[in-house]
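Contents: one structure, followed by commentary.
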Amino acid sequence: MEKALQHKVFESEEIKNIFIALGVTIGTEDDSKELNLSKLRYHKIIIMTDADVDGRHINTLIMTFFFRYMKDLISNGHLYIATPPLYLMKKGKIEEYCWDDKQRREFAERYAGGREDSIHIQRYKGLGEMNAEQLWTTTMNPDVRTLRQVTIESATEADRVFSMLMGDDVPPRREFIEQNATYANIDA
């Protein structure tokens, strides 16, 4: 996406569909590159991808698109990321969803003395592995879901990070990943 010329991005049917679905346009009579949000249909745009590393990669690609071509949606507080669970843990009649490995281990400690072999663990590799009720209960129900609002604290730093993550130069990307690995959920 970083390498794509702007006109190629806007020729993509998928990108056109995003603009149509959101009700936004690029272009006015005064400036053909100006984003027009006057007919924005939704004030909460939610990116919902798998909870694993692949899903996070897709989140990064989608956020790069919004940062590069619809930054005002982020600046105006319209962009969010859904947080689906990674696991459903069961021990007897007790069921809990866990969003990361730390929560999974805590469940095992609490209900099985740390032994996961006596717990039923359902790992969701994708949203498609959840039934409709589970998806509603954990990720879509506005009363209980957790959304993370996408914000820009420093446009310069965000631009640098997106360029580095999407660019061809591997060493800085590797260094960034290694420095931030303690904050990531590793999907092995």
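Last residue of the sequence shown? That's 188 in full-length UniProt numbering, and every number before it is there in order.
Backbone N, C-alpha and C fix where the C-beta goes; we use that ideal spot for every residue, glycine too.
{"Item": "Which of helix, strand or coil DSSP assigns to Ala112", "Value": "helix"}
{"Item": "Cα-Cα separation between Glu153 and Leu37, rounded to whole angstroms", "Value": "21 Å"}
{"Item": "Cα-Cα separation between Pro84 and Thr137, rounded to whole angstroms", "Value": "10 Å"}
{"Item": "Through-space distance from Ile121 to Gly92, alpha-carbon basis", "Value": "12 Å"}
{"Item": "Same chain, Cβ closer than 6 Å to Ile45, neighbours up to 5 away in sequence not counted", "Value": "His78, Leu79"}
{"Item": "Cβ pair Val150, Met63 closer than 8 Å", "Value": "yes"}
{"Item": "Simplified DSSP state of Thr25, which is helix, strand or coil", "Value": "strand"}
{"Item": "Buried or exposed by the 16-neighbour rule on C-beta atoms within 10 Å, applied to Gly176", "Value": "In the sequence under discussion, the amino acid at residue 176 is Phe, which differs from the Gly named in the question. Classification of Phe176: exposed, given that the 10 Å Cβ count is below 16."}
{"Item": "Where Met89 sits in the DSSP three-state scheme", "Value": "strand"}
{"Item": "For His120, the residue or residues it bridges with in DSSP", "Value": "Lys90"}
{"Item": "Whether Asn59 touches Ile74 by CB criterion (8 Å)", "Value": "no"}
{"Item": "For Ile152, the three-state DSSP class (helix, strand or coil)", "Value": "coil"}
{"Item": "Nearest residue (CA-CA) to Gly23, options His43, Asp169, Ser12, Glu13", "Value": "His43"}
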